[in-house]
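Here the structure comes first, spelled out in structure tokens, and everything after it is commentary.
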Amino acid sequence: MVNREDVQELTGRMTPESKPVIPLGKIIEAIEMADDLWNQYFDLEKKEVVSVPSDISMYGEVDKDDQEIMEIIEEGWQVRFFGLPSKYDIHEYSIMERFIWELPTDDVQNKLERAIKGRGAFRRFKDTLRRFNMEDKWYEYEAQAYRKIAIEWCENNGFEYEE
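For the sequence shown, the numbering used here assigns the number 25 to the initial residue and increments by one for each residue that follows.
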């Protein structure tokens, strides 16, 4: 069980100087790996990301280790463990749209806008990027978007961060 001193130590809400410092790279990596099969949490005590299956019931019998981790997370929720952005919070499609809208209005922008309509949007988007040799520009933009999401997560939870 977590006691009051642990809460104050781990959350750092007593003074601005005592805010926990989060390694931003670990949060960005978790954002890059986000999917709908796993929930990810940041463990303040160990300074690492913990992943647990998002729907234990679909796996039948619950693994003892997963059950133990879930109980620890529940006990330390918003004290030791903080939920990381999910695939739905990140919304990759919106990131693609913003990338396209920031391009100059020309044939490339028009083709990318058409590529993201309907089923298979992600594949067509990447194929179109490849055709116009814009993959590096996209990956740089995507990395900056993930970094921004990670920084917002830190700020929303009252954490400092380090590069």
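All C-beta atoms, glycine included, are put in the ideal place defined by N, C-alpha and C.
Between the CA atoms of residue j and residue i - distance to the nearest angstrom
{"i": "A169", "j": "I175", "result": "10 Å"}
{"i": "W62", "j": "E186", "result": "25 Å"}
{"i": "E96", "j": "Y65", "result": "Position check: residue 96 holds Ile in this sequence, whereas Glu was assumed. So the alpha carbons of these two residues sit roughly 11 Å apart."}
{"i": "D59", "j": "S75", "result": "11 Å"}
{"i": "K172", "j": "E92", "result": "32 Å"}
{"i": "Q133", "j": "I124", "result": "6 Å"}
{"i": "T35", "j": "A167", "result": "At T35, the pLDDT of 46 sits below 50, so the modelled position is not reliable and the matter cannot be decided from this model."}
{"i": "V45", "j": "E164", "result": "25 Å"}
{"i": "G142", "j": "E69", "result": "43 Å"}
{"i": "W101", "j": "G144", "result": "37 Å"}
{"i": "M94", "j": "V103", "result": "14 Å"}
{"i": "P47", "j": "E99", "result": "23 Å"}
{"i": "H115", "j": "R122", "result": "11 Å"}
{"i": "F156", "j": "Y117", "result": "19 Å"}
{"i": "M57", "j": "D113", "result": "13 Å"}
{"i": "R154", "j": "D79", "result": "36 Å"}
{"i": "K111", "j": "D131", "result": "30 Å"}
{"i": "G49", "j": "V73", "result": "11 Å"}
{"i": "D87", "j": "G107", "result": "21 Å"}
Residues that DSSP places opposite residue i in a beta bridge
{"i": "S75", "result": "Q64"}
{"i": "F105", "result": "D67, W101"}
{"i": "E176", "result": "The partner list for E176 (beta bridge, DSSP) is empty, contrary to what the question assumes."}
{"i": "E186", "result": "P47"}
Residue range of the beta strand (DSSP E) that includes residue i
{"i": "G182", "result": "Segment: none, G182 is in no beta strand (DSSP E) and carries neither H nor E."}
Under 8 Å between C-beta atoms of residue i and residue j
{"i": "D67", "j": "F105", "result": "yes"}
{"i": "F183", "j": "K71", "result": "no"}
{"i": "M158", "j": "I140", "result": "no"}
{"i": "F221", "j": "L136", "result": "Absent from the structure is residue 221, since the part of the chain shown begins at 25 and ends at 187."}
{"i": "P109", "j": "I55", "result": "yes"}
{"i": "C178", "j": "I52", "result": "no"}
{"i": "D89", "j": "P77", "result": "no"}
Extent of the continuous alpha helix (DSSP H) to which residue i belongs
{"i": "I46", "result": "Counting along the chain, I46 falls outside any alpha helix (DSSP H), though it belongs to the beta strand (DSSP E) covering 45–47."}
{"i": "D130", "result": "Run containing D130: none; DSSP gives neither H nor E here."}
{"i": "A145", "result": "145–155"}
{"i": "I114", "result": "111–114"}
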